[in-house]
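Some notes on the structure that comes next.
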Amino acid sequence: MGKLKQNKRNSASAASSPYAKAQATTNNVFKFNTNVGQHILKNPGVAEAIVQKANLKPSDTVLEVGPGTGNLTVRILEKAKKVIAVELDPRMAAELTKRVQGKPEQKRLEVLLGDVIKTELPHFDVCISNTPYQKKGALIEAQISSPLVFKLLALPNPPRTSILMFQREFALRLTARPGDALYCRLSVNAQFWAKITHVMKVGKNNFKPPPQVESSVVRIEPKMGSERPGVSWDEWDGMLRICFVRRSRTMRASWMGSKEVLAMVERNYRVWCAMNDVALDETPVGEDDEMEIDAAPEEEAEWGGIMDEDG
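Each residue of the sequence shown is one higher than the one before, starting from 1 at the first, in full-length UniProt numbering.
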């Protein structure tokens, strides 16, 4: 413990990381790589508020994603039993290790060098993260924001709570409700598996260097026990991909307007019947049961967002 560990699966990815290419200046001050979203939370008041919102227990093990130089880490260590910090930038990981070197907290800090999305995570109770920020928000969401959210929710034993800071628009889509302009596949998917609440706004001047976007902190509490959906993630996500394939298309048009979709549904139905020992219903669909398409595909506007988990 207290030593820098490089995840074996991620040794190559860490070495080829864009962070590794950023060099410190001659006076040993970090040159932050903003092209890959590197912005450090500098406001101690905001850092303290984030830790307070996690409601940590003295027995908790906390996963911190992207600890940077440790401004959040040292405050988490004051309240938790242990911190597992996953950092992609070797310079930051080394700086964080030095920050607690020779102190009692050193034995309670484990630093993993690598990509958290590709890392096999040990058990932890709470997750706290200041995720990367970038001008090209869609790219950073596809690379880290959405994958992080759904990796946490898909764990066999998900954390009790996660306090995560994201770009403001991504956070608003996470918490959007039906009828909201930002309501999308991300909203449905995340809220199906967890209770998600907006905690607070964080202005860009609270970071060094300041990003070009505003930020928000959200709380994610996975549904547990009997509340946890008893469905397959792949099946649920596949259904949502069809539902949200086009912004202006009605639900029935999304399902009935494509031969490929109908063929996929039939294949899935046959597999489900076979797995559950249910007799196939071979009754053909009558003309009166067929759905009409409200709009021709070529007349519909293409979906403008990223068609990943953050759709």
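Virtual Cβ for every residue (Gly too), placed ideally from N, Cα, C.
Could you tell me the distance, in whole angstroms, from the CA atom of residue i to the CA atom of residue j?
i      : j      : result
GLY114 : LEU41  : 20 angstroms
GLU221 : ASN189 : 14 angstroms
SER216 : ILE50  : 11 angstroms
ARG160 : SER145 : 19 angstroms
ARG241 : PHE166 : 23 angstroms
LYS81  : THR73  : 12 angstroms
ILE84  : LEU63  : 5 angstroms
LEU148 : LYS118 : 10 angstroms
GLU48  : GLU95  : 20 angstroms
VAL100 : THR69  : 11 angstroms
PRO158 : GLY179 : 29 angstroms
GLU266 : CYS184 : 26 angstroms
ILE163 : LEU174 : 13 angstroms
PRO209 : GLY203 : 12 angstroms
PHE192 : ALA93  : 35 angstroms
ARG270 : LEU280 : 7 angstroms
PRO44  : LYS103 : 20 angstroms
ALA194 : LYS223 : 5 angstroms
Buried or exposed: which applies to residue i, given that a residue is buried once 16 or more other Cβ atoms fall within 10 Å of its Cβ?
i           : result
GLY230      : exposed
GLY66       : buried
residue 347 : Lying outside 1 to 311, the shown extent of the chain, residue 347 is not represented and no answer is given.
HIS123      : exposed
ALA154      : exposed
ALA283      : A small correction: the amino acid at residue 283 is Thr; Ala does not occupy that position in the sequence shown. Exposed: under 16 other Cβ atoms inside 10 Å.
TRP272      : exposed
PRO156      : exposed
ASP234      : exposed
Does DSSP classify residue i as helix, strand or coil?
i      : result
SER215 : strand
LYS118 : coil
VAL100 : coil
VAL278 : coil
GLU199 : Reading off the sequence shown, one finds Val at residue 199, where the question assumed Glu. Note: VAL199 maps to strand in three-state DSSP.
GLU78  : coil
ASP234 : helix
ALA176 : coil
TYR269 : helix
LEU153 : helix
LYS57  : coil
ASN28  : Legend: pLDDT at ASN28 = 47, less than 50; position of this residue unreliable, value from coordinates given subsequently. The answer is coil: DSSP assigns ASN28 none of H, G, I, E or B.
ARG91  : helix
ASP288 : Confidence in ASP288 is poor, its pLDDT being 49 and thus under 50, which makes the residue's placement unreliable; the coordinate value appears in the next sentence. Reduced to three states, the DSSP call for ASP288 is helix.
Tell me residue i's beta-bridge partners as DSSP assigns them.
i      : result
ASN130 : MET165
ALA85  : GLU64 and VAL111
ALA194 : PRO222
PHE207 : LEU41
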